[in-house]
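One structure is given below, encoded as structure tokens.
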Amino acid sequence: MSKDIKNKNLYYLSELKDYKIAGGYPDIRGWVVRDADKRVVGKVDNLLINKNLDRVVYVDVEVDQTIIDSRHDPYGKPADPEIKEFVNKDGQNHVIVPIGLVELEEDEKYIYTSRITHQTFAETKRIERGANPDRHYEETVLSSYNRPSSVEKEDEHLQRRKEEEYADKPISEQREGKIIDDENDRRDRHSKAHYADDEFYEREEFDGANFRKRN
């Protein structure tokens, strides 16, 4: 976690005295947070703002005790079992959720995500309240939330089989669709490249369209 306050990228709304919730938008702080199965996973404690973009990019969630009690190891823990620094510690009871992954239920005053399950929340690396998330932590959280489901893993298995069958074909039969394959390769290389600050938050996970202004 970053300790360099001067170069920090994200600010909690409560830190920014000149910032407030815009008129017509609900202040979701204190609202319950539910997972894809509408199971309670915590409550909104704060909002994280990227000052360069002047917009909210994360919901800061104080996680429910059921997640802490489950004691799952965080996703992405080091391969070396002797390395323990990636284990969630006492006092680390917050996670950040990209604004584009949550939706509002204004009548009952809760937010929910249709893409993240209770177990995924339990396996996500947590932080202490008020910690300064750095880019490494952001990427760790995103990789945890974007893990493929069992169905997607099966689809990946089928795709690999198709690719193996394709590789066994004569070159003349492989040419069809080559331009599309090359374009996909370029996109894959681009997606794996290091994101600049502005580009990082252009990902779909940060599209806050679900937070629509009230009439």
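FYI, the numbering for the sequence shown is 265 to 479, going by this note's numbering. Note that CB positions come from ideal geometry on N, CA and C, so glycine has one too. Since the structure is predicted, the reported quantities are computational estimates derived from the model, not experimental observations.
query: Apply the 10 Å Cβ neighbour rule to N352 and answer buried if 16 or more other Cβ atoms are within range, or exposed otherwise.; result: buried
query: Helix, strand or coil for G364? Go by DSSP, reduced to three states.; result: helix
query: Please say whether G364 and F264 have beta carbons closer to each other than 7 Å?; result: The structure shown does not extend to residue 264, since the chain spans only 265 to 479, so no value can be given for it.
query: Going by DSSP, which residues form a beta bridge with E369?; result: Y374
query: Is it a yes or a no for the region 274-282 touching the region 303-322, going by three-plus beta-carbon pairs under 8 Å?; result: yes
query: Less than 8 Å between C-beta atoms, sequence neighbours within five positions excluded: which residues of the same chain meet that for E463?; result: none
query: In whole angstroms, give me the CA-to-CA distance for K417 and R411.; result: With a pLDDT of 46 at K417, under the threshold of 50, the modelled position of that residue is not reliable, and the figure given next carries that caveat. Between K417 and R411, the C-alpha separation is close to 9 Å.
query: Note down the Cα distance separating R298 from E392, rounded to an integer number of angstroms.; result: 20 Å
query: Hey, out of N474, G472, A300, whose CA is closest to T381's CA?; result: A300
query: Rounded to a whole number of angstroms, what is the C-alpha to C-alpha distance between L406 and H358?; result: 15 Å
query: Taking only three categories from DSSP, how would you classify R399?; result: helix
query: According to DSSP, which residues form a beta bridge with N314?; result: L274, R319
query: So, at 8 Å on beta carbons, what are the nonlocal neighbours of L312 in its own chain, with the 5 sequence-adjacent residues on each side left out?; result: L274, Y275, Y276, L277, V320, V321, Y322, V323, D324, I360, P397
query: With T330 as the anchor, note down where its alpha helix (DSSP H) starts and where it stops.; result: 329-334
query: Out of K373, E402, Y409, which one is the CA nearest neighbour of F475?; result: K373
query: Count the other C-beta atoms from every protein chain shown that fall within 10 angstroms of the C-beta of Y465, then say buried if there are 16 or more, exposed otherwise.; result: buried
query: So which of I332, E370, E367 has the shortest CA-CA distance to Q356?; result: I332
query: Taking the C-alpha atoms as reference points, what is the distance between E370 and Y289?; result: 10 Å
query: Quick one: grab the DSSP three-state call for V325.; result: strand
query: Do D328 and V304 count as a contact pair if the criterion is CB distance below 7 Å?; result: yes
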